[in-house]
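Residue numbers (the numbering used here): 387 to 1022.
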């Protein structure tokens, strides 16, 4: 251990250097690359009761659907003017269960995950149209926590967390429900629901790093699905198993869990992996400690780069705290641990409050030789985001970036909690800034990750086009540390769900980021400006288009289908094919065309000549300010 004066000098020097780096990067991102700025906010008026959790966007009606757990409803917001989002109506979910947990939208079809009044019993997925009219519902597993449509719109996948009751005497199995919509919503029945469970792993050999630690729990009971992401071909999906520090792979068509892989731990004793471990050290003290952080991601997102299928995780961390009778709590502070004298010869110093004593760690890991003391220490979360391949190999981790950046940006409010101001250093002994949500967006040919910090607040932006060397772009926090959180004057608190809207689906023709903030009950829309994009420089003209038609193109698509369109006047014309994540796949026309009818044949391939898989796509026609979007369905 360094003496106090040396340690203070090193910490201050690091903070100064990081502050200079933060400022230089911020200035650079303002000149090139993207820059987020708050555009508009809607407030539910609910404080600290899940007033805004998850959002979904219907681009056909320019509406946001926002989970309002406090009211047991889905708030439907009109964002045709994203500077002034306004509430149109709410969809009451109380007839179907206790509270909504998640929402997703597919071309006007709204799916909502609703938990049972008894969390240990099966919940429901309820379908509505964009006007809030009930269509259908089906039963799924216990505590449906998150749901998503596949890219082709043929399935809805639901992560059924299966949490135990407070006494830990009833522990339902975790599972993933796969709802087939192939027969159409009007024909949906319970027979269209498959449940992918984990029972096949009960008696199988699994990676011992996958945490199975609930009292008397089988593997199927202990694994708790949290968040799902789907590949672009709609064939596979991956679900984070947060408590278990693992990820599961799903074969969507077969309706089975095919793989489990452990995420391992982060060594906080290595340079660049530091953390502030104490809320009693009277300052910012980011340094290396002999602790291993379990990644335990919450949100997870799929993307492709360098020819690889990749997963991006927000490494939040989570403990189990069930304080009933008998209950089960797996965390304690390190000052209460019996540390092995060989592994920790300086145990008395480490366990002081200003060092590691206050840090919360799991009691279920670390006694390597089973002699009753701890040879290793495992804390919750990694205070970072990571990029993995789909076999569980880590390509990148952001190290201690999040704490270093927030310390430089907000030295007086570092590691604050999310429900009150004047809470400097409050969360250092827990999970720090607590990265929770993540979304990926394509802007001007670059791929970006947007990560929300649940406790400190704000959004971290990284360019992840190179998955081995992502670049920090911006940190923006729409929180007012001078305000009163409970009075609603502190701005956005506790970002939960993050949603990216591509430029060509956006109501103002600029890419947007929608952030639902759980504690403040606010939904904030950020505009994403790209100084290097000519499209943004001409956006004022695009925003004033005389008409915007969104119709279905004749389907299903075949290689003999002609795309036909009519131009109201002659002019420079572009016709491009996009997927629903905003990636441009093919440019069909970029030429001066005359007014009148035109047609072009497209064989359903991308620029490289690869056949695109079955699914939904959009074509975007632009000519002299006239814009037309149409849906294309490829059915091979």
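All residues carry an ideal CB built from backbone N, CA and C; glycine is no exception.
**Request:** Going by CA-CA distance only, name the one from 807, 564, 504 that's closest to residue 582.
**Result:** Working through the chain shown from its first residue, we reach residue 582 at position 196. Of 807, 564, 504, the residue nearest in Cα terms is 564.
**Prompt:** How far does the beta strand (DSSP E) with residue 962 in it reach, from first residue to last?
**Reply:** Reading the chain shown from its first residue, position 576 is the one you call residue 962. Its beta strand (DSSP E) spans residues 957-964.
**Request:** Given a cut-off of 7 angstroms, decide if residue 799 and residue 665 are closer than it, judged by their beta-carbon atoms.
**Result:** For this step, residue 665 is matched to residue 279 along the chain shown. For this step, residue 799 is matched to residue 413 along the chain shown. Cβ atoms of residue 665 and residue 799: not closer than 7 angstroms.
**Request:** Kindly indicate which three-state DSSP category residue 938 falls into: helix, strand or coil?
**Result:** What you label residue 938 is simply residue 552 of the chain shown in a count that begins at 1. Residue placement at residue 938 is flagged as unreliable, the pLDDT there being 44, under the threshold of 50; the coordinate-derived value follows with that caveat. Three-state DSSP puts residue 938 in a strand.
**Asked** For the stretch 641-701, which segments carrying the beta strand (DSSP E) assignment without a break, of at least 3 residues, lie completely within its bounds, in sequence order?
**Response** 642-648, 651-653, 678-680, 686-691, 694-701
**Message:** Does the stretch 435-446 come into contact with the stretch 882-900, if we say contact requires no fewer than three beta-carbon pairs (one atom in each stretch) closer than 8 angstroms?
**Reply:** yes
**Item:** the ligand FMN heavy atom lying under 6 angstroms from the CB of residue 777
**Value:** The ligand FMN is absent from the structure shown, which contains no ligands of any kind.
**Request:** Measure the beta-carbon distance from residue 773 to residue 696 and round it to whole angstroms, keeping in mind my assumption that it falls under 8 angstroms.
**Result:** In the chain shown, counting from the first residue as 1, residue 773 sits at position 387. In the chain shown, counting from the first residue as 1, residue 696 sits at position 310. The Cβ separation is near 6 angstroms, so the contact holds.
**Prompt:** Which residue's Cα is closest to the Cα of residue 829: 839, 874, 896?
**Reply:** Mapped onto the chain shown, residue 829 falls at position 443. Taking only the C-alpha atoms, the option nearest residue 829 is 896.
**Request:** Measure the alpha-carbon distance for residue 993 versus residue 599 and round it to whole angstroms.
**Result:** Taking the first residue of the chain shown as 1, we reach residue 993 at position 607. Taking the first residue of the chain shown as 1, we reach residue 599 at position 213. If you take the alpha carbons of residue 993 and residue 599, they lie about 49 angstroms apart.
**Message:** Once the 5 residues before and after residue 950 are set aside, which same chain residues still bring their CB inside 6 angstroms of it?
**Reply:** Residue mapping note: residue 950 aligns to position 564 of the chain shown, counting from 1. If we look at residue 950 and ignore the five residues flanking it on each side, its Cβ neighbours are 985.
**Through-space distance from residue 850 to residue 968, alpha-carbon basis** = The residue you call residue 968 lines up with position 582 of the chain shown. The residue you call residue 850 lines up with position 464 of the chain shown. Taking the straight line from one Cα to the other gives about 16 angstroms.
**Item:** Proximity of residue 514 and residue 477 at Cβ, strictly below 7 angstroms
**Value:** Within the chain shown, the letter at position 128 stands for residue 514. Within the chain shown, the letter at position 91 stands for residue 477. Their beta carbons are under 7 angstroms apart, which means residue 514 touches residue 477 by this criterion.
**Request:** Inspect the beta-carbon positions of residue 501 and residue 490 and report whether they are closer than 7 angstroms.
**Result:** Taking the first residue of the chain shown as position 1, residue 501 is located at position 115. Taking the first residue of the chain shown as position 1, residue 490 is located at position 104. Not a contact, by the Cβ cut-off of 7 angstroms.
**Request:** Evaluate residue 955 with the Cβ neighbour count: other Cβ atoms within 10 Å of its Cβ, from every protein chain shown; 16 or more gives buried, anything less gives exposed.
**Result:** In the chain shown, residue 955 corresponds to position 569, counting from 1. By the neighbour-count rule (16 or more Cβ atoms within 10 Å), residue 955 is not buried but exposed.
**Request:** Might you give, ordered along the chain, the residues of its own chain that have their beta carbon closer than 8 angstroms to the beta carbon of residue 472, omitting 5 neighbours on each side?
**Result:** Locating residue 472 in the chain shown gives position 86, where the first residue counts as 1. Here the set comprises 428, 463, 464.
**Asked** Any contact of the stretch 518-527 with the stretch 678-697, i.e. 3+ C-beta pairs under 8 angstroms?
**Response** no
**Meets three-Cβ-pair contact criterion under 8 angstroms: the stretch 710-722 and the stretch 740-751** = yes
**Prompt:** Using DSSP with H/G/I as helix, E/B as strand and the rest coil, what is residue 733?
**Reply:** Indexing the chain shown from 1 puts residue 733 at position 347. Residue state, collapsed to three classes: helix.
**Asked** If we count the other Cβ atoms within 10 Å of its Cβ and call it buried at 16 or more, is residue 966 buried or exposed?
**Response** Position 580 of the chain shown holds residue 966. Buried: at least 16 other Cβ atoms inside 10 Å.
**Prompt:** Buried or exposed: which applies to residue 1014, given that a residue is buried once 16 or more other Cβ atoms fall within 10 Å of its Cβ?
**Reply:** As a working note, residue 1014 is residue 628 in the chain shown. Its Cβ being crowded by 16 or more others within 10 Å, residue 1014 is buried.
**Message:** For the stretch 847-862 against the stretch 703-715, do three or more pairs of beta-carbon atoms, one drawn from each stretch, fall closer than 8 angstroms, so that the two count as touching?
**Reply:** no
**Residues that residue 449 bridges to, as DSSP identifies them** = On the chain shown, position 63 is the one that residue 449 refers to. DSSP, once it has assigned bridges, lists 444, 464 as partnering residue 449.
**Asked** Are residue 646 and residue 634 touching if we call contact CB-CB under 7 angstroms?
**Response** Here residue 646 corresponds to residue number 260 of the chain shown, with the count starting at 1. Here residue 634 corresponds to residue number 248 of the chain shown, with the count starting at 1. Yes; because the gap between Cβ atoms is below 7 angstroms, this pair is in contact.
**Prompt:** Below 8 angstroms, can you find three or more Cβ-Cβ pairs linking the stretch 604-614 to the stretch 550-562?
**Reply:** yes
**Asked** Do you know offhand how far residue 789's Cα is from residue 732's?
**Response** Working through the chain shown from its first residue, we reach residue 789 at position 403. Working through the chain shown from its first residue, we reach residue 732 at position 346. Rounded to the nearest angstrom, the two C-alpha atoms are 26 angstroms apart.
**Prompt:** So what's residue 766 in DSSP terms, helix, strand or just coil?
**Reply:** The residue given as residue 766 occupies position 380 in the chain shown. Strand.
**Prompt:** Can you give the beta carbon distance from residue 559 to residue 584, rounded, assuming they're within the 8 angstroms contact cut?
**Reply:** One-based indexing of the chain shown puts residue 559 at position 173. One-based indexing of the chain shown puts residue 584 at position 198. Going by Cβ atoms, the distance from residue 559 to residue 584 rounds to 7 angstroms, so yes, they are a contact pair.
**Asked** So what does residue 775 bridge to, in DSSP terms?
**Response** Locating residue 775 in the chain shown gives position 389, where the first residue counts as 1. Paired residues: 696.
**Message:** For residue 608, report the span of its beta strand (DSSP E) as first-last.
**Reply:** The residue labelled residue 608 in the question sits at position 222 within the chain shown. Note, residue 608: premise wrong, no beta strand (DSSP E); alpha helix (DSSP H) at 605-608.
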